[in-house]
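**Q**
Residue numbers (UniProt numbering): 1 to 299.
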């Protein structure tokens, strides 16, 4: 049998002990899948393993982890020449799994791994921030970002995505808006924002659907600004209701710039980025991703 792996699974170290995953890997190998497994330990491992996968001739690189792991692997893939770029598969092993959930990827290990190996590869967009940082799912700023970055690991481990909401209710004393100006594509807004979402995908922070109209293959980013006119009602509405929110400003843009008189922090699929000015732009068809039929994130 050819020893070249059909796929390389790059597994976040936190998921290395997952017994359901171990069983799924064994099952698919028994069925003939050629699958190599690599476990990340320190910064830079994901990129190095992607480069190894290319040298081995793998057709697919599977990101096994949460949104941050998926982003890391997708970013590394996008940096490769298009003719050498494997497809991206996704195995949801994080706390919230916002991107995988909104894409309709199964939560169970065996069907998710089977999809990652055998699913149809579709070209999808990435978003670039300040020329050198990327996200595949969403960038969030404001109170929501402070909550997702401050939520204790033990609470996340115990409660999953709902932990962000519970921790947010516990930290209402820190609730304050960010003053900023946002421009792009015949759009301009200036004011106080409680939460800012820039979505390639639709949800973040454990299921908050900040950008419900976003699609990952339409060449656009969805901007959603939760304004701070009525702080507490607006926050609760945005976190708990699917109805249209009168205090949300929305737009769909190819490129936008955010400026603030003070330092702001944005969460890029779990990775913080701080500054006073951010330029975000879409990178159409940056990677190919193995997605389920009728994926709700596709235009």
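Glycine is no exception: its CB is placed at the ideal position from the N, C-alpha and C atoms.
As the structure is a computational prediction, the values presented were derived from the model and not from experiment.
Residue range of the alpha helix (DSSP H) that residue 31 falls in?
**A** Run containing residue 31: none; DSSP gives neither H nor E here.
**Q** Looking at the secondary structure, which residues open and close the alpha helix (DSSP H) in which residue 117 lies?
**A** Per DSSP, residue 117 belongs to the alpha helix (DSSP H) from 109 to 118.
**Q** I want to know whether the region 283 to 292 touches the region 120 to 129 - three or more CB-CB distances under 8 Å.
**A** The region 283 to 292 is in contact with the region 120 to 129.
**Q** Quick check on residue 215: buried or exposed, where buried means 16 or more other Cβ atoms within 10 Å of its Cβ?
**A** Residue 215 comes out buried.
**Q** For a test of the three-state rule: what should DSSP assign to residue 255, helix, strand or coil?
**A** In this structure, residue 255 counts as strand in the three-state DSSP scheme.
**Q** Just to check my reading of the structure: residue 198 and residue 138 have Cβ atoms closer than 8 Å, yes? What is that Cβ distance to the nearest angstrom?
**A** About 7 Å separates the two Cβ atoms, so the contact holds.
**Q** I believe residue 20 touches residue 117 by the beta-carbon criterion, under 8 Å. Please report the beta-carbon distance rounded to the nearest angstrom.
**A** Not really, about 16 Å apart at Cβ, beyond 8 Å.
**Q** Figure out for me which residue from 84, 269, 218 and 93 has the closest Cα to the Cα of residue 39.
**A** The candidate whose alpha carbon is nearest that of residue 39 is 93.
**Q** On the DSSP letters alone, give me the boundaries of the alpha helix (DSSP H) that residue 56 sits inside.
**A** 45 to 56 is the extent of the alpha helix (DSSP H) around residue 56.
**Q** Would you decide whether residue 102 is buried or exposed? Buried here means 16 or more other CB atoms lie within 10 Å of its CB.
**A** Result: buried.
**Q** I'd like the ranges of any beta strand (DSSP E) spanning at least 3 consecutive residues and lying wholly in the region 53 to 110.
**A** As far as the region 53 to 110 is concerned, its whole beta strand (DSSP E) runs of at least 3 residues are 60 to 65 and 87 to 92.
**Q** Please state the DSSP three-state secondary structure of residue 222.
**A** Residue 222: strand per DSSP, three-state reduction.
**Q** Spatial neighbours of residue 189 within its chain, please: C-beta separation below 7 Å, excluding the five flanking residues on both sides.
**A** So the qualifying residues of the chain are 182, 225 and 249.
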